[in-house]
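In this note's numbering, the protein residues as written are 795 to 970.
Yeah, the Cβ is synthetic: ideal placement off N, Cα and C, and Gly gets one too.
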């Protein structure tokens, strides 16, 4: 089953490809890379790194680090309680639990959404890293025409995205 690539997955490759030009894109497209859902082909070929926790235990075999000036991608997860939610009290309880100091202190990646909870492992708040793309990703996502151009560019050079959609994926026009 083919389904569109999630918009946020286009962000890092689009930034990299914008900087290298069409001739380099053509070279890369000749490497038999495929755009696969949850695949890493394009990310690896473009040298865009990986992902992991910056707060690994001292005995961990792999440690992640932030290189000064090297771009990485960080974003705040969005959450809301809808006005017409059938169980508002349960939703509020869930949200309060998620943003509680206790839960925020044990964040997987070391960063909290709270300004009163200091990051673990000597990290600064994520928004203090100029290379985090913290503000750029939401701007990219809001520009739907740009995102669609990149989606089509990737389809032209690397083929349509392959793989099963994420569970619960309702398509581009749910209910239509």
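Touching or not, the stretch 927-941 and the stretch 803-818, by the rule of three or more beta carbon pairs under 8 Å? Three or more pairs of CB atoms, one per stretch, sit closer than 8 Å, so the stretch 927-941 contacts the stretch 803-818.
With DSSP run on the structure shown, which of helix, strand or coil describes residue 810? Here DSSP, grouped into helix, strand and coil, assigns residue 810 to helix.
Reducing DSSP to helix, strand and coil, say where residue 868 ends up. Looking at residue 868 - three-state DSSP - the assignment turns out to be coil, as it is neither helix nor strand.
Within 10 angstroms of its Cβ, does residue 853 collect 16 or more other Cβ (buried), or is it exposed? Exposure of residue 853 is indicated by the presence of fewer than 16 other C-beta atoms within 10 angstroms of its C-beta.
Cutting at 8 Å between CB atoms, please list the residues of its own chain near residue 907, excluding the five before and the five after it. Within the same chain, residue 907 has close Cβ partners 870, 871, 893, 898.
Three-state secondary structure (DSSP) at residue 905? Looking at residue 905 - three-state DSSP - the assignment turns out to be coil, as it is neither helix nor strand.
Give every residue of the same chain whose Cβ lies closer than 6 Å to the Cβ of residue 809, excluding the five residues on either side of it in the sequence, and list them in chain order. Beyond the five residues adjoining it in sequence on each side, residue 809 comes within less than 6 Å, by CB distance, of no other residue in the same chain.
Counting C-beta neighbours from all protein chains within 10 Å, is the total for residue 921 16 or more, i.e. buried, or is it exposed? Classification for residue 921: exposed.
Could you give the C-beta distance for residue 927 and residue 864, rounded to a whole number, given that I count them as a contact under 8 Å? The beta-carbon separation of residue 927 and residue 864, rounded to 11 Å, does not stay under the 8 Å limit for a contact.
For residue 898, report the span of its alpha helix (DSSP H) as first-last. Residues 895-899.
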